[in-house]
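When the letters of the sequence shown are read in order and numbered with my numbering, they come out as residues 9 to 306. Here is the structure we will look at, set down as structure tokens.
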Amino acid sequence: MELKGDKIKKVEKVEDGYVVYMLDKIYHLKKVNIKESELLFINEVIEYVNNKGFDNIIKFQRLSNGKPYMKYEGDVYVVIDNYNLIDLKKDINALCYASLLSKFHATAKGFVAKFEIKPSVVWGKRLEKYKNLYRVLEKFIDEVSSKSKHNEFEQQVIPYLDELKSRSKKSMKVLRSFSYIDLLETSMKNKEIVLYDIGKNSLAEKDSRHFIYNVFDISYGLIEEDLAVLIKKCNKNLKENIIDIYKENSPRELNIDVLEAYILFPENTLKVIRDYVKQRDLSLIDKFKKASIKDGVR
Numbered sequence: 009m010e011l012k013g014d015k016i017k018k019v020e021k022v023e024d025g026y027v028v029y030m031l032d033k034i035y036h037l038k039k040v041n042i043k044e045s046e047l048l049f050i051n052e053v054i055e056y057v058n059n060k061g062f063d064n065i066i067k068f069q070r071l072s073n074g075k076p077y078m079k080y081e082g083d084v085y086v087v088i089d090n091y092n093l094i095d096l097k098k099d100i101n102a103l104c105y106a107s108l109l110s111k112f113h114a115t116a117k118g119f120v121a122k123f124e125i126k127p128s129v130v131w132g133k134r135l136e137k138y139k140n141l142y143r144v145l146e147k148f149i150d151e152v153s154s155k156s157k158h159n160e161f162e163q164q165v166i167p168y169l170d171e172l173k174s175r176s177k178k179s180m181k182v183l184r185s186f187s188y189i190d191l192l193e194t195s196m197k198n199k200e201i202v203l204y205d206i207g208k209n210s211l212a213e214k215d216s217r218h219f220i221y222n223v224f225d226i227s228y229g230l231i232e233e234d235l236a237v238l239i240k241k242c243n244k245n246l247k248e249n250i251i252d253i254y255k256e257n258s259p260r261e262l263n264i265d266v267l268e269a270y271i272l273f274p275e276n277t278l279k280v281i282r283d284y285v286k287q288r289d290l291s292l293i294d295k296f297k298k299a300s301i302k303d304g305v306r
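What follows is the structure in structure tokens.
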């Protein structure tokens, strides 16, 4: 495709790029903060699942030079249709996303990147992140235990430390087990593809159809991680419903113990403690309260 001047009616600046109004269509020039090599890999995955019949995912328009992205003033943009973003906090939207996620996982399974394209791989990456967060938690516990007086942030956090430590240890015990290693090997053999990051801008709608929008972290990885991240973003009462809907098209049998271990780890809360240890910012109290609610820390 070409974005020719004589076909453009209007260009509107938006937070993440530009909306271009053509004579017959509206496009979104979305600014992306990832490497060109990563974009090529992501685009290959999207085209792979499209060719296998799964088209509920955003597509990058190939430009006249054949590339699925463009550069403008030093920044990288992809050209996509103009979608409406949908809130995953609403139960019906979360269940819709669970269905799309399982179909994406099932269709993307077995993808092999072209020789010249460097694949993105996240097997074990989240576990390493958890190990680092747990080390910070231990450091914080040692620090507050050695003090007789505590500041406002420390007073807020101390009542939760036993639960945070207990949940972290229980989670990591599973994620360090032989069962987890076997699961990683299975995932690698299956060449499983994941979205890795599922946030508020993950589901989109256009022409009464729903689409996976958060494609910019697509990688080889473990499907249980995606499902756990989705469950943690939604109403906690929806967990069993989300799992049941996902299972309808799951590419393999889920390892529920590993899934529960990912759900159990209080990642959001430990991230705030990590930020406090780095910054010593007492204003992080409100952020800690919100994170503990997200993680279900009591």
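Note that the Cβ used here is the ideal one computed from N, Cα and C, for glycine as well. Since the structure is predicted, the reported quantities are computational estimates derived from the model, not experimental observations.
Coil, strand or helix - asparagine 92 by DSSP: Position 84 of the sequence shown, counting from 1, holds the residue named residue 92. Correct three-state label for asparagine 92: strand.
Range of the contiguous alpha helix (DSSP H) that encloses valine 165: The residue given as residue 165 occupies position 157 in the sequence shown. First-last of the alpha helix (DSSP H) with valine 165: 160-165.
Proximal residues to valine 285 (C-beta, below 7 Å), its chain only, five neighbours per side dropped: Indexing the sequence shown from 1 puts residue 285 at position 277. Close CB contacts of valine 285 within its chain, under the 7 Å cut and outside five residues either way in sequence, are with Val144, Lys147 and Phe148 (chain order).
Beta-carbon spacing of leucine 238, isoleucine 250 below 8 Å: Mapped onto the sequence shown, residue 238 falls at position 230. Mapped onto the sequence shown, residue 250 falls at position 242. In this structure, leucine 238 sits near isoleucine 250, with a CB-CB distance shorter than 8 Å.
Same chain only: Cβ atoms within 6 Å of proline 76, ignoring 5 sequence neighbours per side: Locating residue 76 in the sequence shown gives position 68, where the first residue counts as 1. Taken in chain order, the residues that qualify are Asn51, Phe68 and Arg70.
Pick from Glu124, Lys111, Lys302 and Asp190 that is closest to glutamate 44, judged by C-alpha positions: Position 36 of the sequence shown, counted from the first residue, corresponds to residue 44. Checking every option, the nearest Cα to that of glutamate 44 belongs to Glu124.
Near the ligand NAD: tyrosine 56 beta-carbon under 7 Å from a heavy atom: As presented, the structure is devoid of all ligands, the ligand NAD included, so that no description of it is given.
Assumed close pair aspartate 234, leucine 109 - CB separation to whole angstroms, cut-off 8 Å: Reading the sequence shown from its first residue, position 226 is the one you call residue 234. Reading the sequence shown from its first residue, position 101 is the one you call residue 109. Indeed, because the Cβ distance is near 6 Å, the residues count as touching under 8 Å.
Outcome for proline 274 when other beta-carbon atoms lying within 10 angstroms are tallied against a minimum of 16: Numbered from its first residue, the sequence shown carries residue 274 at position 266. Burial of proline 274 is indicated by the presence of at least 16 other C-beta atoms within 10 angstroms of its C-beta.
Close Cβ partners of leucine 192 (< 8 Å) along its chain, the five nearest in sequence each way excluded: To locate residue 192, count along the sequence shown from 1; it is residue 184. Excluding positions up to five away in sequence, the list reads Trp131, Gly132 and Leu230.
Segment contact flag, the stretch 80-91 with the stretch 101-121, C-beta cutoff 8 Å, min 3 pairs: With contact defined as three or more Cβ pairs closer than 8 Å, the stretch 80-91 and the stretch 101-121 are not in contact.
Extent of the continuous beta strand (DSSP E) run through valine 19: Counted from its first residue, the sequence shown places residue 19 at position 11. From DSSP, the beta strand (DSSP E) with valine 19 extends over 16-22.
For tyrosine 35 and serine 216, the rounded distance between their alpha carbons: The sequence position of residue 216 within the sequence shown is 208, counting from 1. The sequence position of residue 35 within the sequence shown is 27, counting from 1. Rounded to the nearest whole angstrom, the CA to CA distance from serine 216 to tyrosine 35 is 17 Å.
Beta-carbon proximity list for alanine 212, same chain, < 6 Å, skipping 5 on both sides: For the purposes of this step, residue 212 is taken as the residue at position 204 of the sequence shown. Answer for alanine 212: Tyr91, Leu93, Phe219 and Tyr221, listed in chain order.
Lysine 214, DSSP secondary structure in three states: Position 206 of the sequence shown holds residue 214. In this structure, DSSP gives lysine 214 an extended state, which the three-state scheme calls strand.
Extent of the continuous beta strand (DSSP E) run through tyrosine 270: Counting from one through the sequence shown, the residue named residue 270 turns up at place 262. First-last for tyrosine 270: 264-272, but that is the alpha helix (DSSP H), not the beta strand (DSSP E).
Residues that isoleucine 220 bridges to, as DSSP identifies them: Locating residue 220 in the sequence shown gives position 212, counting from the first residue. Residue pairing for isoleucine 220: DSSP places it in a beta bridge opposite Ile65 and Leu211.
Residue closest to lysine 117, alpha-carbon to alpha-carbon, out of Ile88, Phe49 and Ser195: For this step, residue 117 is matched to residue 109 along the sequence shown. For the residues Ile88, Phe49 and Ser195, the minimum Cα distance to lysine 117 belongs to Ser195.
Buried/exposed call for isoleucine 189, threshold 16 Cβ in 10 Å: Translated into the one-based positions of the sequence shown, residue 189 becomes position 181. Counting every other CB atom within 10 Å of its CB across the protein chains shown gives isoleucine 189 a total below 16, marking it as exposed.
Top-ranked residue by Cα proximity to isoleucine 65, from Val27, Lys240, Val305 and Asn209: In the sequence shown, the residue the question calls residue 65 occupies position 57. The candidate whose alpha carbon is nearest that of isoleucine 65 is Asn209.
Residue range of the alpha helix (DSSP H) that includes leucine 37: For the purposes of this step, residue 37 is taken as the residue at position 29 of the sequence shown. That residue, leucine 37, is in no alpha helix (DSSP H); its beta strand (DSSP E) goes 34-40.
Closest Cα partner of lysine 244 within the set Leu96, Asn58 and Phe49: Your numbering for residue 244 matches position 236 in the sequence shown. Residue Leu96 is the option with its Cα nearest to lysine 244.
Helix, strand or coil at aspartate 83 according to DSSP, with G and I counted as helix: Along the sequence shown, read from residue 1 onward, the residue named residue 83 stands at position 75. In this structure, aspartate 83 counts as strand in the three-state DSSP scheme.
Test item: CB-CB of glutamate 171 and valine 305 under 8 Å: Within the sequence shown, residue 171 is the residue found at index 163, counting from 1. Within the sequence shown, residue 305 is the residue found at index 297, counting from 1. One thing to note: glutamate 171 has its Cβ within 8 Å of the Cβ of valine 305.
Check whether isoleucine 201 and valine 53 have beta carbons under 8 Å apart: On the sequence shown, residue 201 is found 193 positions in, with the first residue counted as 1. On the sequence shown, residue 53 is found 45 positions in, with the first residue counted as 1. For the 8 Å CB-CB criterion, isoleucine 201 and valine 53 form a contact.
Neighbour flag for phenylalanine 49 against chain B, beta carbons, 8 Å: Absent from the structure is chain B; it holds one protein chain and no more.
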